[in-house]
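Residue numbers (the UniProt record's numbering): 1 to 154.
Here it is in structure tokens:
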């Protein structure tokens, strides 16, 4: 069985005692009207967390638990996914460094060696030209080309 009990506020009991005198009644009514008009324009000093915590009673406990479980599951999923993705990125980058870097260096060395071989071959041909001048025909500065391809316009 529920027992209903009326609780009286201190303000209402004090207000009744103030209005017992008619002069006090007139002066306090004018003061109270002034104070209510000034307090209407002001907003209460509440933070966002206080307002959200006051909304807890509006949402039923079953719904709150359901929402909390879904948020927790989503956060767990993103946490695990981030960890797996981070591990995959780490494996790919270390593999690229361990395999790709030596491969790139060896390809660069091979390109240097091929360039040196071409340079040496050019030097040998130059020495062969100087050693046997009759084997390689030389063009004189004033002579026309002999039956070779002539580009258009010349």
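Using N, Cα and C, we set each Cβ at its ideal position, and we do this for glycine too.
Any idea what DSSP makes of residue i, helix, strand or coil?
{"i": "residue 103", "result": "helix"}
{"i": "residue 58", "result": "coil"}
{"i": "residue 132", "result": "coil"}
{"i": "residue 53", "result": "helix"}
{"i": "residue 109", "result": "helix"}
{"i": "residue 97", "result": "helix"}
{"i": "residue 69", "result": "helix"}
{"i": "residue 47", "result": "coil"}
{"i": "residue 149", "result": "coil"}
{"i": "residue 88", "result": "helix"}
{"i": "residue 119", "result": "helix"}
{"i": "residue 3", "result": "coil"}
{"i": "residue 8", "result": "coil"}
Would you decide whether residue i is buried or exposed? Buried here means 16 or more other CB atoms lie within 10 Å of its CB.
{"i": "residue 24", "result": "Low confidence applies here, because residue 24 scores a pLDDT of 48, under 50, leaving its location unreliable; read the following figure in that light. It is exposed - the Cβ of residue 24 has fewer than 16 other Cβ atoms within 10 Å."}
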